[in-house]
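Heads up: the structure comes next, in structure tokens.
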Amino acid sequence: SRLPTSASDFSQRFYITGHSRSAGNPDGWFPIAHTCGFSIELPKYTTLDVMVKKITWAMQNCGSVDADGGISSGTRVEDNTLSDDEIDSFFE
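In the working numbering, the protein residues as written are 19 to 110.
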């Protein structure tokens, strides 16, 4: 099916909720989308720049999604390995 062409054609609301598991290191997590529930869990990122980079990276690199886990592995996605320079390189 396709997304509606105008906001008034949506049958349910889109929800943005907090990402409670990321409280200790919000910049180390990607957002978690729930397509069947039309919602997204968004960590409380430390800057707008970090948020934009994490959301953009997730949109461009998510190849497949399973029913209850993360990207293809059945686990939630946490990224503690990328430096700021590595993340910046995605946008060059």
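Just so it is clear, CB atoms sit at the ideal spot from N, CA and C, and this is done for glycine as well.
Around the beta-carbon of residue 32, fewer than 16 other beta-carbon atoms lie within 10 Å, marking it exposed. Exclusion of the five residues before and after residue 72 leaves 48 as the residues of its chain whose Cβ lies within less than 6 Å of its Cβ. Under the DSSP assignment, residue 51 falls in the beta strand (DSSP E) whose first and last residues are 50 to 52. Exclusion of the five residues before and after residue 59 leaves 35, 37 and 50 as the residues of its chain whose Cβ lies within less than 6 Å of its Cβ. Rounded to the nearest whole angstrom, the CA to CA distance from residue 39 to residue 74 is 21 Å. Each of 54, 42 and 43 was checked against the Cα of residue 29, and the nearest Cα belongs to 54.
In this structure, the straight-line span from the alpha carbon of residue 65 to that of residue 22 is close to 31 Å.
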